[in-house]
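Number of protein chains: 2
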Amino acid sequence: KPNASIAYGGRGMSFEADIDESNQFYLMKEKAVIHKKPTPIQIVQVDYPKRSAAVIKEAYFKQASTTDYNGVYKGRYIDFEAKETKNKTSFPLQNIHLHQVNHMRTVVRQNGICFLLIRFFYTQEVYLLDAPTLISFYDNQKERKSIKKADIETYGHMVHTGYQPFVDYLRTVDELYIK
Amino acid sequence: KPNASIAYGGRGMSFEADIDESNQFYLMKEKAVIHKKPTPIQIVQVDYPKRSAAVIKEAYFKQASTTDYNGVYKGRYIDFEAKETKNKTSFPLQNIHLHQVNHMRTVVRQNGICFLLIRFFYTQEVYLLDAPTLISFYDNQKERKSIKKADIETYGHMVHTGYQPFVDYLRTVDELYIK
Ligand SMILES: [Mg+2]
Ligand SMILES: [Mg+2]
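Chains as they are written, first to last, in the numbering used here: chain A, 558 to 736; chain B, 558 to 736.
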């Protein structure tokens, strides 16, 4: 049902933009403080023109060593990565880097709330996959370097989407982690 | 006693570098997962040369809208800013931006652990100032746009410094917030 993409979040917005909007909503409602981390950049050359702002003239994108989002909700630490896929039947694991998985391991050990949000582009369905489940799929991948959508439906948790916020993942966090 | 700067952390390292080292130590010991956020950059122009990495050709530094460090310790959310001053008798409040103070307000409301670490360059003393205390000084500054060192000694908490980690702020966090 590709029409779902018109109803929800399908305003030509990226999944990350929809999550940023949700985080803004949570912040405004004093529900949680969760931000996207800036993209890590390796700066090589900076010019300092007189009487104006420093200009970065040469820099490169660095691979993120952690997940993209973190913050605080009801005193608990929240940490997650968000990924959208155009694949209809599975989530390709090359979307997640090893160092991100390893970061998730360390967060889980510290008793942080850690997960992956997956949006299937064509249906606009969003699932929350708890980090220990994701890590288990990641560590046990063999030839098939992906998680079947059926498995995400079984082991993941559907996230309510709508308006204000677009992606209400904290409702799912409440059910799963806070109670 | 300027010699303290030779004994502790005074290896020509910036305060941020010393904190990064401490965070690496905590991570390695599986004590906490705390990272410095990347510097926020406004990217204006990117070149995509054939067969090599994308090159950022024009970009500008953006002012940070949050604090520099955050992460998880014993399940709790940790959030702080670190500043060093060469001032001997006070900490100038222009070192902290209004939006950083406002970010701290939101974190405190969410029951996160939030504070400022101050290092006095000439003595290499490090103090932890709890966010509510900092906010109170910030909101009540009049002509004097600084916090007297004597007040930091009274209302702040001295942080143990040494080796491995250089700045053992989690020991102070334990005493103040965890118990
Ligand atoms: Mg990412
Ligand atoms: Mg800073």
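Just so you know, even glycine gets a beta-carbon here, dropped at the ideal spot from N, CA and C.
Taking DSSP's pairing of strands, which residues face A:Glu682 in a bridge?
A:Phe677, per the DSSP bridge assignment.
Identify the contact partners of A:Glu615 in chain B, using a Cβ-Cβ distance below 8 Å as the criterion.
Val612, Ile613, Lys614
By Cβ distance below 7 Å, which residues in the same chain neighbour B:Ile704 in space, the five residues on each side in sequence not counted?
Result list for B:Ile704: Ser647, Phe648, Leu650, Phe694, in chain order.
Contacts that B:Arg666 makes with chain A (C-beta to C-beta distance below 9 Å)
Glu587, Val590
Within the 7 Å Cβ cut-off, does B:Ile709 reach chain A?
no
For A:Ile692, would you say it is in contact with chain B, using Cβ-to-Cβ distances shorter than 7 Å as the test?
No, A:Ile692 lies away from the interface with chain B (no Cβ there is under 7 Å from its Cβ).
Is it the case that the stretch 625–634 of chain A contacts the stretch 685–694 of chain A, given that we only count it when at least three CB pairs across the two stretches are under 8 Å?
no
So is A:Asn580 buried or exposed if we call it buried at 16+ other beta carbons inside 10 Å?
In summary, A:Asn580 is buried, with 16 or more beta-carbon neighbours lying within 10 Å of its beta-carbon over all protein chains present.
In its own chain, which residues sit with a C-beta less than 7 Å from the C-beta of B:Ala740, not counting the 5 before and 5 after it?
Residue coverage of chain B in this structure runs from 558 to 736, which leaves residue 740 of chain B outside it and unanswerable.
Coil, strand or helix - A:Glu638 by DSSP:
strand
Element boundaries [alpha helix (DSSP H), containing B:Asp696]
688–696
What residues of chain A sit near B:Phe618, judged by a beta carbon separation below 7 Å?
Ala611
Using the beta-carbon of each residue, which ones in chain B are nearer than 9 Å to A:Tyr634?
Val590, Asn627, Gly628, Val629, Tyr630, Gly632, Arg633, Tyr634, Ile635, Gly669
Check whether the stretch 603–618 of chain A and the stretch 650–668 of chain A are in contact - that is, three or more C-beta pairs closer than 8 Å.
With the cut-off at 8 Å, the stretch 603–618 of chain A and the stretch 650–668 of chain A do not touch.
Neighbour flag for B:Lys594 against chain A, beta carbons, 7 Å
B:Lys594 counts as touching chain A.
Closer than 6 Å by C-beta to A:Arg728: which residues in its own chain qualify, once you throw out the five before and the five after it? Chain order, please.
Contacts found: His717.
In three-state terms, what does DSSP make of A:Ile704?
strand
Extent of the continuous alpha helix (DSSP H) to which A:Gln581 belongs
572–585
Are the CB atoms of A:Phe637 and A:Phe677 within a distance shorter than 7 Å?
No, the pair does not count as a contact, with Cβ atoms beyond the cut-off.
Do you know whose CA, among A:Asp604, A:Lys586, A:Val603, A:Ile635, lies nearest A:Lys593's CA?
A:Ile635
Measure the beta-carbon distance from B:Arg662 to A:Gly632 and round it to whole angstroms, keeping in mind my assumption that it falls under 8 Å.
Actually they do not touch by this definition, with Cβ atoms about 15 Å apart.
Taking DSSP's pairing of strands, which residues face B:Phe648 in a bridge?
B:Ile704
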